[in-house]
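*Asks:*
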Amino acid sequence: MNTLKTQSDDYFKKNWETYQKALANNYMEHQEIYGVLHKLLTDYLQTPFSLLELGCGDASLTVQALLNTTVASYTGIDLSAAALEIAQHNMAQIKCEQTFIEDDISKVVEELTQNRKQSFDVVMTSFVLHHLNLSQKDKVIEQVSHLLKPKGVFVLIDIVCKEEEDREHFVNRYLENMRQNWTALSSQDMSIMENHISTFDFPETQTTLYQLAQKHNFVHCECLYQDTPEAAQFLCIYK
Ligand SMILES: C[S@@+](CC[C@H](N)C(=O)[O-])C[C@H]1O[C@@H](n2cnc3c(N)ncnc32)[C@H](O)[C@@H]1O
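Here our numbering is used: position 97 in the sequence shown is 199, and no number is missing along the way.
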């Protein structure tokens, strides 16, 4: 039995309702973030494009961003079979070739890179990379660089520490903001979120993420959106 996968399905069942409340109340500013993504996909990619999503979850917001774009193919990877089942249902609105892969993103990007059969115009990941340690992030960004076509773009949406802020300060600051502003969450929801963030969240600074991008031959990085509590960023990293 794959432990990571079992943990993910378990996480999905326990946390999904709580995460849905956070999304419904736009506490993580997904509406603004995915608005920026839609604009990027329509402005930057006017010919048919391929998109690989790492940790797609139920892909509900990705669907919003893909409506009225020239997307030709979508590949979504997630550890959770339950999430992928919903993603498949949600993606039915988008008319393009679709593939869903139930596995660990680190493993899949490595296999795709080795196969050398597929490349993508866009690779995106949203609120997932912080689950990996620094060396795993380094490896994933390296493989993404190989998987992108020339002039391809890596969309990295994630929680990000302020410069000079360590993990402990970030987590405390994030939890403090949640307690003050995520008022639609019950005390049980709050403890699920607090437990998840304290256990699984390992954000980097923007500088560290840009350094990894430069190390793996990306030519340009820009931040297209920063959330109000200065806890999450939409980074665009170009080949
Ligand atoms: C916080 S949710 C984000 C979902 C969606 N991308 C969003 O922005 O709302 C994290 C998702 O990443 C998946 N995930 C976490 N670690 C993963 C890994 N190593 N490989 C594949 N999926 C992973 C989880 O199963 C979950 O669906």
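Using N, Cα and C, we set each Cβ at its ideal position, and we do this for glycine too.
I need the straight-line Cα distance from F256 to Y340, nearest angstrom please.
*Replies:* The residue you call residue 256 lines up with position 154 of the sequence shown. The residue you call residue 340 lines up with position 238 of the sequence shown. Roughly 6 Å separates the two Cα atoms.
*Asks:* What three-state label does DSSP hand G137 in the structure shown?
*Replies:* Here residue 137 refers to the residue found at position 35 of the sequence shown. Helix, per DSSP.
*Asks:* Just to check, is the beta-carbon of I179 closer than 7 Å to a non-hydrogen atom of ligand 1?
*Replies:* Walking along the sequence shown from the start, residue 179 turns up at place 77. I179: yes, Cβ under 7 Å from ligand 1.
*Asks:* If you follow the beta strand (DSSP E) that S182 is in, where does it begin and where does it stop?
*Replies:* For the purposes of this step, residue 182 is identified with residue 80 of the sequence shown, where counting begins at 1. That residue, S182, is in no beta strand (DSSP E); it is neither H nor E in DSSP.
*Asks:* So the candidates are A184, Q220, N279, L143; which of them puts its Cα closest to the Cα of T177?
*Replies:* Here residue 177 refers to the residue found at position 75 of the sequence shown. If we check each option's Cα against that of T177, Q220 comes out closest.
*Asks:* Indicate whether L163 and Y146 have their beta-carbon atoms separated by less than 8 Å.
*Replies:* Locating residue 163 in the sequence shown gives position 61, counting from the first residue. Locating residue 146 in the sequence shown gives position 44, counting from the first residue. No, the Cβ-Cβ distance between L163 and Y146 is not below 8 Å.
*Asks:* Tell me, please, which residues DSSP counts as bridged to Y327.
*Replies:* Position 225 of the sequence shown, counted from the first residue, corresponds to residue 327. Y327 pairs with F336.
*Asks:* Would you say the beta carbon of S228 comes nearer than 7 Å to a heavy atom of ligand 1?
*Replies:* Along the sequence shown, read from residue 1 onward, the residue named residue 228 stands at position 126. Yes, Cβ of S228 sits closer than 7 Å to a heavy atom of ligand 1.
*Asks:* According to DSSP, is E119 part of a helix, a strand, or is it coil?
*Replies:* As a position in the sequence shown, residue 119 is number 17, starting the count at 1. E119: helix per DSSP, three-state reduction.
*Asks:* Give me, in chain order, the residues of the same chain whose beta-carbon lies closer than 6 Å to that of F302; leave out the 5 immediate sequence neighbours on both sides.
*Replies:* Residue mapping note: residue 302 aligns to position 200 of the sequence shown, counting from 1. H233, listed in sequence order.
*Asks:* In chain order, what residues of the same chain have a beta carbon less than 6 Å from the beta carbon of W344, not counting five sequence neighbours either side?
*Replies:* The structure shown has nothing for residue 344, since the chain only spans 103 to 341.
*Asks:* By DSSP, does H322 sit in helix, in strand, or in coil?
*Replies:* Position 220 of the sequence shown holds residue 322. DSSP places H322 in strand when its eight states are reduced to three.
*Asks:* Quick check on the DSSP output: what are the complete beta strand (DSSP E) runs of length 3 or more inside the region 221-268, in order along the chain?
*Replies:* List check, beta strand (DSSP E) in window: 222-228, 250-263.
*Asks:* Which whole-angstrom value is the C-beta distance of P331 and N279, which I expect to be below 8 Å?
*Replies:* Position 229 of the sequence shown, counting from 1, holds the residue named residue 331. Position 177 of the sequence shown, counting from 1, holds the residue named residue 279. The Cβ separation is near 5 Å, so the contact holds.
*Asks:* Of the residues V321, Q316, E244, K209, which one's Cα is nearest the Cα of G157?
*Replies:* If you number the sequence shown from 1, residue 157 lands on position 55. Taking only the C-alpha atoms, the option nearest G157 is K209.
*Asks:* What do you get for N192, buried or exposed, if any count of 16 or more other CB atoms within 10 angstroms of its CB means buried?
*Replies:* Reading the sequence shown from its first residue, position 90 is the one you call residue 192. By the neighbour-count rule (16 or more Cβ atoms within 10 Å), N192 is buried.
*Asks:* For V342, I'd like the list of residues in its chain whose CB is within less than 7 Å of its CB, leaving aside the five on either flank, ordered along the chain.
*Replies:* A query on residue 342 cannot be resolved here, the shown segment of the chain reaching from 103 to 341 and no further.
*Asks:* Hey, is G137 close to ligand 1, as in C-beta under 7 Å from one of its heavy atoms?
*Replies:* Here the question's residue 137 lines up with position 35 in the sequence shown. G137 Cβ: outside cutoff for every heavy atom of ligand 1.
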